[in-house]
Structure formats: structure tokens, C-alpha cells
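Below: one structure, written as C-alpha cells.
Numbering (this note's numbering), first residue to last: -15 to 288.
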């Protein structure tokens, strides 16, 4: 060993040992993680800007492309499901109905989809420097909210043009829907991001699940169709399970705000209460998801 190496080893031995990461278990560990994430709050903004710049790099239309996919889906579904299959004859302002559901669902699908692959995507950074790794799946919420903001502006204008937009306290349902989806998708993104490091098939399963969840939500069809098919008899419990699904509640809340005020009350009389309960349950899931993430992140560097 050279003199330089001996001197370096001596200096390292003299330094106090500092554990990287957070300590504590249960709720204490979760609170400690939140405090550490708050210290890195500026990084959330930088990661969001990086994602948006990378998404539209070398593109002449830039952020306009964030509208192409949902508008294309709106056109196809409105034409095929609305006109060819006749759904527009039973649902007034069918275009607004679809776009309201697609907008809030896109927030969920983008966050969960990008969050699932976030750790693997940022493997180079994770292996080089220390920072709370939860920041990567949680940072996917920012770009998804940006996309929602653009879609929301179009939805408000379109609703005002067709006359389905009414001013009143029912517009708060949109805020509650966004909060519910953000909390729920954050919990799922944390668990799926950690699991995807060890089992890469998870990202493909999530892609399939997101398609099924979209068709399993009252976006392309009326919730009345579900009630008429399942209500009563042995399937009554399935109807209640479907209606109280957090995704269904969020979609109904968005439709309540921008499509037809009071329409959802026919199916969920106390919609806001159910949404608050779902948000509370989702918040508990965030705590559980973070603790699962903390247990699994120890071997991230080796697996990546």
C-alpha cells in the first residue's frame, strides 16, 4: 500500500460513520422519509422539467403533442362508441362525458405507468449518488398534472360552449377527484416501482392492467348500464364494489363537475362522502406503500 493510500485510509477511518437514508419503523419511518423528501423538494421541479423537456425534445409542436393522444382517443371513442354503437343516444353531451372521464383517468394511468418504471429508468443516477429513492416514482405526478392542466383547459372551454358547465359548489368535485387520484396513484407507483426492480415483468402487467381499468371505469359507457345489469340479486355486492371503486368515484366526480351537475347523485347519493373515505383509505395505502418501498430498496443498486 502506498503512502497516499495509507493516508486516505487513515482519514476515512477517522471520519464518523453516517448512515445514508432514513431510519425508523412504521409511522416514525414514514414521517422521517417525508421530512427528507421535503429537503429535496427542489429536485421534484427539476425532474418534472427534465421529463417534459425530454418528452418534447426536438419537436416543433412541443406541448401540443400532449393533446394529440387524448383528442384522438376522444374522436375514435365518440365516433365508434357514441355514434356507431349508439351510446350517444342515451348519454347527453357524449363528447364532454368521455373527455371528462379520459382526463382524470389519464392522470392515473400516466402516474402509475411512468412511476412503475421510474427506478429502472433512473438506475444510473441511483447507483452514483444518494438521494431518497421515493422521489423518482413520486416525481412522475408532476408531468401527469401538467398534462391534466392542458386537458382541463380544453374541457372547461368545451363544457362552456355546449352549455354543460354550471358554476357552483359541485365544481369542487373536480378538486376532490384530482386529490383522490394523486394519492391513490402515488401509493401504487411506490409499490410497483420497487417491485419492478426485482421483477421486470411488472411493467408489462401494469400496461395490461391500465387498459382493463380504463374499460372497467364508467368512461365509455354510462354507470346506469352497470347498475341495470348487476343491481339486485346475488350481484348487488358487485354493484356496490364497482361504484365505490376509487377510480369509479374519481371519474364520477369529474363528470359531476363538468358534464351534468347532479347526475351522479342518482347512483351515489353521498358521492363526496364516499370520495373522502376513498381518499383517506388511499392515504393509509401511501404509508403502507412507502414502508414496503423502504424494505425493498436496500438491494436496488445490486439489482439494477
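Glycine included, every Cβ here is placed at the ideal spot set by N, Cα and C.
Please read all numbers here as calculations on a predicted model, not as lab measurements.
- Within the same chain, 127, 130 come within 7 Å of residue 36 by CB-CB distance, once the 5 residues on both sides are set aside.
- Under the rule that a run must span 4 or more residues, the alpha helix (DSSP H) segments found entirely inside the stretch 111 to 145 read 119 to 123.
- The criterion of a C-beta distance shorter than 8 Å is satisfied by residue 121 and residue 99.
- Under the three-state reduction of DSSP output, residue 264 falls in the helix class.
- Contact annotation, residue 146 with residue 77: C-beta distance approximately 5 Å; criterion of less than 8 Å satisfied.
- By the neighbour-count criterion, in which a residue is buried when 16 or more other Cβ atoms sit within 10 angstroms of its Cβ, residue 135 is buried.
- Under the three-state reduction of DSSP, residue 274 is assigned to helix.
- Annotated as proximal: residue 123 and residue 28, with beta-carbon spacing under 8 Å.
- Residue 233 places its beta carbon less than 8 Å from that of residue 259.
- In the displayed model, residue 74 falls within coil according to three-state DSSP, outside both helix and strand.
- In the DSSP assignment, residue 67 falls outside any alpha helix (DSSP H), carrying neither H nor E.
- Closest option to residue 238, judged by alpha-carbon separation, among 284, 132, 38: 132.
- Put simply, the backbone Cα of residue 196 is about 10 Å away from that of residue 190.
- In the three-state reduction of the DSSP assignment, residue 184 falls in the coil class.
- For residue 147, no alpha helix (DSSP H) run applies, since DSSP gives it neither H nor E.
- In this structure the stretch 273 to 281 lies against the stretch 164 to 182, because at least three pairs of beta carbons, one per stretch, are closer than 8 Å.
- Between residue 82 and residue 206, the gap from beta carbon to beta carbon reaches 8 Å or more.
- Rounded to the nearest angstrom, the gap between the Cα atoms of residue 240 and residue 112 is 47 Å.
- The beta carbon of residue 270 lies closer than 7 Å to those of 167, 170, 171 in the same chain, with the five residues before and after it left out.
- Selection 143, 67, 181, 224 evaluated against residue 255 yields 224 as nearest (Cα-Cα).
- A check of alpha carbon separations from residue 231 across 91, 106, 17 identifies 91 as the nearest.
- Under the three-state reduction of DSSP, residue 175 is assigned to helix.
- The beta-carbon separation of residue 84 and residue 221, rounded to 28 Å, does not stay under the 8 Å limit for a contact.
- In the three-state reduction of the DSSP assignment, residue 258 falls in the helix class.
- Residue environment analysis places residue 186 among the buried positions, since at least 16 neighbouring C-beta atoms fall within 10 angstroms of its C-beta.
- In this structure, the beta-carbon distance from residue 235 to residue 88 falls below 8 Å.
- In this structure, residue 165 sits away from residue 51, with a CB-CB distance that is not shorter than 8 Å.
- For residue 204, the three-state secondary structure derived from DSSP is coil.
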